[in-house]
């Protein structure tokens, strides 16, 4: 079955630690995205990548870093510089054609900073 | 501004119709989307509408688009308890050579007997 997987589902981190969230897709999609979701707010774009070895900052990139060494994988590192990292993190991918451009989402990782 | 706006809550009785409303900001947006999120899960695309359409129907779902007022609505006919979820409206904008989705805050739909 094709799809997007994120791991782990739940993650706990102590203040001052970096942590990496995994996102893998086997849909052969070119573009991948990371979003952050907070209660009562829409999804906010952290980083996106259109092709391998290239990525761009989204609207709230501060305190986060990414890499795109393989087409299938787009890990997100939440660094200690992120002031309020507790949130639900969603990864998405798309073919990024001109027309309708459905983004497929993974199941999410809930990060809690203790 | 950049915001896509939606009301935060809607409560309906099982079997009634639900109407979720959304206003968007960019008149040049070509596609508008409705996503559904069940508790603790990712988002699932329900339906989308191209900007040159006024209406799109897909089984129990009807999307209405008023471009003049930048208003989008999602009607769910015969609402069931399984429809309880958060519904996100999103508009697609082309920015810096890539397609960007701008999401509303989501409408939490509660279906009661």
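Residue numbers (the numbering used here), protein chains in the order written: chain A, 15 to 128; chain B, 8 to 120.
Using N, Cα and C, we set each Cβ at its ideal position, and we do this for glycine too.
Residue 38(B) beta carbon less than 8 Å from that of residue 99(B): In the second chain, counting from the first residue as 1, residue 99(B) sits at position 92. In the second chain, counting from the first residue as 1, residue 38(B) sits at position 31. Their beta carbons are under 8 Å apart, which means residue 99(B) touches residue 38(B) by this criterion.
Any 3 or more C-beta pairs closer than 8 Å across the stretch 27-34 of chain B and the stretch 67-83 of chain A: no
C-alpha distance - residue 66(B) paired with residue 30(A), whole-angstrom precision: One-based indexing of the second chain puts residue 66(B) at position 59. One-based indexing of the first chain puts residue 30(A) at position 16. Between residue 66(B) and residue 30(A), the C-alpha separation is close to 50 Å.
Residue from 46(A), 17(A) and 18(A) whose Cα sits closest to the Cα of residue 80(A): Taking the first chain and counting its residues from 1, the one referred to as residue 80(A) is at position 66. The residue with the shortest Cα to Cα distance from residue 80(A) is 46(A).
Beta-carbon spacing of residue 100(A), residue 126(A) below 8 Å: Stepping through the first chain from its first residue, residue 100(A) is reached at position 86. Stepping through the first chain from its first residue, residue 126(A) is reached at position 112. Yes, these two residues count as a Cβ contact at 8 Å.
Nonlocal neighbours in the same chain, by C-beta distance under 8 Å from residue 67(A), ignoring five residues either side: Locating residue 67(A) in the first chain gives position 53, where the first residue counts as 1. If we look at residue 67(A) and ignore the five residues flanking it on each side, its Cβ neighbours are 82 and 83.
Residue 93(A) - containing beta strand (DSSP E), residue span: What you label residue 93(A) is simply residue 79 of the first chain in a count that begins at 1. From DSSP, residue 93(A) is part of no beta strand (DSSP E); its letter is neither H nor E.
Proximal residues of chain A, C-beta to C-beta of residue 95(B) below 8 Å: Along the second chain, read from residue 1 onward, the residue named residue 95(B) stands at position 88. Result: 56 and 57.
Endpoints, the beta strand (DSSP E) within which residue 30(B) is located: In the second chain, residue 30(B) corresponds to position 23, counting from 1. Counting along the chain, the beta strand (DSSP E) containing residue 30(B) begins and ends at 25-30.
N-terminal and C-terminal residue of the beta strand (DSSP E) that residue 109(A) is part of: As a first step, residue 109(A) is located in the first chain; it is residue number 95 there, counting from the start. Taken as a continuous stretch (DSSP letters only), residue 109(A) belongs to no beta strand (DSSP E), as it is neither H nor E.
CB-CB length for residue 104(A) against residue 116(B), believed under 8 Å: If you number the first chain from 1, residue 104(A) lands on position 90. If you number the second chain from 1, residue 116(B) lands on position 109. That belief does not hold up - the Cβ atoms of residue 104(A) and residue 116(B) are roughly 20 Å apart, past 8 Å.
Cβ neighbour criterion (16 or more within 10 Å) applied to residue 128(A): Along the first chain, read from residue 1 onward, the residue named residue 128(A) stands at position 114. It counts as exposed.
CA-to-CA distance, residue 90(B) to residue 22(A), given in whole angstroms: For the purposes of this step, residue 22(A) is taken as residue 8 along the first chain, with counting starting at 1. For the purposes of this step, residue 90(B) is taken as residue 83 along the second chain, with counting starting at 1. The alpha-carbon atoms of residue 22(A) and residue 90(B) are separated by roughly 27 Å.
Test: residue 16(B) CB closer than 8 Å to a CB of chain A: Residue 16(B) sits at position 9 when you count from the first residue of the second chain. Answer no: the Cβ-Cβ gap between residue 16(B) and chain A never drops below 8 Å.
Residue 64(B), buried or exposed, once every other Cβ within 10 Å from all chains shown has been counted against 16: In the second chain, residue 64(B) corresponds to position 57, counting from 1. It counts as exposed.
For residue 73(A), the three-state DSSP class (helix, strand or coil): Reading the first chain from its first residue, position 59 is the one you call residue 73(A). Three-state result, residue 73(A): coil.
Every unbroken alpha helix (DSSP H) within the stretch 24-93 of chain A, with a cutoff of 4 residues, ordered by chain: none
CB contact flag (residue 92(A), residue 41(A), <8 Å): As a position in the first chain, residue 92(A) is number 78, starting the count at 1. As a position in the first chain, residue 41(A) is number 27, starting the count at 1. Taking 8 Å as the Cβ cut-off, residue 92(A) and residue 41(A) do not qualify as a contacting pair.
Identity of the residue in 19(A), 65(A), 71(A) and 27(A) nearest residue 98(A) by Cα: Here the question's residue 98(A) lines up with position 84 in the first chain. Selected option, being the one with the closest Cα: 27(A).
Any chain A beta carbon closer than 8 Å to residue 22(B): For the purposes of this step, residue 22(B) is taken as residue 15 along the second chain, with counting starting at 1. No, no contact with chain A.
For residue 112(B) and residue 74(B), the rounded distance between their alpha carbons: The count along the second chain starts at 1 and reaches residue 74(B) at position 67. The count along the second chain starts at 1 and reaches residue 112(B) at position 105. Cα-Cα distance, rounded: 21 Å.
Inter-residue spacing [alpha-carbon to alpha-carbon] between residue 64(A) and residue 18(A): Along the first chain, read from residue 1 onward, the residue named residue 64(A) stands at position 50. Along the first chain, read from residue 1 onward, the residue named residue 18(A) stands at position 4. Whole-angstrom Cα-Cα distance: 16 Å.
Top-ranked residue by Cα proximity to residue 72(A), from 13(B), 114(B), 108(B) and 120(B): Locating residue 72(A) in the first chain gives position 58, where the first residue counts as 1. Of 13(B), 114(B), 108(B) and 120(B), the residue nearest in Cα terms is 108(B).
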